[in-house]
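Going by full-length UniProt numbering, the first residue of the sequence shown is number 1, and it counts up by one from there.
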Amino acid sequence: MEELSELEKEYSPSVWTKRFAKVQLIENHKKVIRDDAPIFVLLHGGYWHMELFTKEYGSFGTLPLVHAGCRVIAVDYEMCPEVTLTELVELTHKCFTYILNYAARIGASSVNFLGHSAGAHLIIAQFREGEFSRLPHRDLIRGVYLLSGVYDIRELRHTKVANNGNILSITDDNVVSLSPSLADYGHLAGTSAHFTVVVTENESPSYKKISQGMKDALAKGTERVKFILLPNRDHFDLVEQLNDKDGELTKILIEDLAKD
Numbered sequence: 001m002e003e004l005s006e007l008e009k010e011y012s013p014s015v016w017t018k019r020f021a022k023v024q025l026i027e028n029h030k031k032v033i034r035d036d037a038p039i040f041v042l043l044h045g046g047y048w049h050m051e052l053f054t055k056e057y058g059s060f061g062t063l064p065l066v067h068a069g070c071r072v073i074a075v076d077y078e079m080c081p082e083v084t085l086t087e088l089v090e091l092t093h094k095c096f097t098y099i100l101n102y103a104a105r106i107g108a109s110s111v112n113f114l115g116h117s118a119g120a121h122l123i124i125a126q127f128r129e130g131e132f133s134r135l136p137h138r139d140l141i142r143g144v145y146l147l148s149g150v151y152d153i154r155e156l157r158h159t160k161v162a163n164n165g166n167i168l169s170i171t172d173d174n175v176v177s178l179s180p181s182l183a184d185y186g187h188l189a190g191t192s193a194h195f196t197v198v199v200t201e202n203e204s205p206s207y208k209k210i211s212q213g214m215k216d217a218l219a220k221g222t223e224r225v226k227f228i229l230l231p232n233r234d235h236f237d238l239v240e241q242l243n244d245k246d247g248e249l250t251k252i253l254i255e256d257l258a259k260d
């Protein structure tokens, strides 16, 4: 087996997990939900191109959230190279626009977003000034949960695990604009949104650094940001434990919903 370079190791979460990774499929249970119920939007990871990670995998946390009275939307999205990463960010914006219009139409009390890894990147990219200013019904947005995301892709673009053969179509001209942690978030001051940036103990130093950088970038624009380093967790069971109503993150989500 070819030995991974140090850079590849930094962006290969499976290297850092202390256990065997599991892919847990969650059955979707339908339940009658009130129209004014809060909406939770889930975006899965997979470095924007791994087809193993679909909305079925990305339905992490569905049951505890439904039991808490939420309407849950697990978003699937096109994978690179069928689209470029730049196009995928714009497609995500169209998805958010649709969901926010839908939420306003049915009278939902709030819309919350939770993304893992690449999904966290796609979510926070919508909160940069250009994208955020084009979103409708921004007053409905409450919790934004970013789990072990990739927010600075300047190094990542050079790895095989994420961008072999430049599958993401990253160039010198777009790499900064595709790195949300390098953006300014001053426009978020006074908005209804609050942000939670989460990373685990068993992540690479690069993942931890990038998460801290994302938190710092947001904190320059809004006071409503918190950073959580989860002990004894890794890149994968971070989301798997969301299926447990007594999990650390699940409790945070439910508590935040009660406050909002």
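Note that CB positions come from ideal geometry on N, CA and C, so glycine has one too.
Owing to the predicted nature of the structure, the values given are computational and were not obtained by experimental measurement.
Can you check DSSP and say which residues form a bridge with residue i?
i, result
"residue 143", "194"
"residue 228", "198"
"residue 184", "In DSSP, residue 184 forms no bridge with anything."
Suppose the cutoff is 8 Å on Cβ atoms and the five residues either side in sequence are ignored; what does the same chain contact list for residue i look like?
i, result
"residue 170", "85, 153, 157, 163, 178"
"residue 221", "184, 185, 186, 187, 188, 189"
"residue 37", "69, 70, 71, 108, 109"
"residue 91", "77, 78, 83"
"residue 241", "233, 247, 248, 249, 250"
"residue 31", "Low confidence applies to residue 31: its pLDDT is 45, below 50, so where it sits in the model is not reliable enough to give any reading."
Under a three-way DSSP split, which group does residue i fall into?
i, result
"residue 37", "coil"
"residue 201", "strand"
"residue 45", "coil"
"residue 239", "helix"
"residue 134", "coil"
"residue 115", "strand"
"residue 152", "coil"
"residue 234", "strand"
"residue 157", "helix"
"residue 214", "helix"
"residue 68", "coil"
"residue 123", "helix"
"residue 189", "coil"
"residue 171", "coil"
"residue 208", "helix"
"residue 63", "helix"
"residue 129", "helix"
Between which two residues does the beta strand (DSSP E) harbouring residue i extend?
i, result
"residue 74", "71-75"
Would the beta-carbon of residue i be found less than 6 Å away from any heavy atom of the ligand NAD?
i, result
"residue 36", "This structure does not include the ligand NAD; it has no bound ligands of any sort."
Would you mind reading off the limits of the alpha helix (DSSP H) that contains residue i?
i, result
"residue 256", "248-259"
"residue 223", "Segment: none, residue 223 is in no alpha helix (DSSP H) and carries neither H nor E."
"residue 104", "85-106"
Residues in its own chain within less than 6 Å of residue i by CB, not counting five upstream and five downstream?
i, result
"residue 65", "40, 72"
"residue 128", "183"
"residue 58", "Caution is warranted here: a pLDDT of 49 is assigned to residue 58, below 50, making its placement in the model unreliable, and no coordinate value can be reported."
"residue 114", "42, 145"
"residue 227", "197, 215"
"residue 34", "none"
"residue 211", "197, 199"
"residue 245", "64"
"residue 254", "68"
Give every residue of the same chain whose Cβ lies closer than 7 Å to the Cβ of residue i, excluding the five residues on either side of it in the sequence, and list them in chain order.
i, result
"residue 230", "198, 200, 201, 238, 248"
"residue 192", "139, 141, 142"
"residue 106", "35"
"residue 213", "151, 152, 181"
"residue 167", "49, 80, 81"
Return no unless some Cβ of chain C is closer than 7 Å to the Cβ of residue i.
i, result
"residue 245", "You won't find chain C in this structure, because it holds only one protein chain."
Three or more C-beta pairs under 8 Å: does that hold for the stretch 140-154 against the stretch 115-129?
In short, these stretches touch, since the Cβ pair count reaches three.
With contact counted as at least three CB pairs below 8 Å, one residue from each stretch, are the stretch 83-101 and the stretch 132-139 in contact?
Contact between the stretch 83-101 and the stretch 132-139 is present, because at least three Cβ pairs lie under 8 Å.
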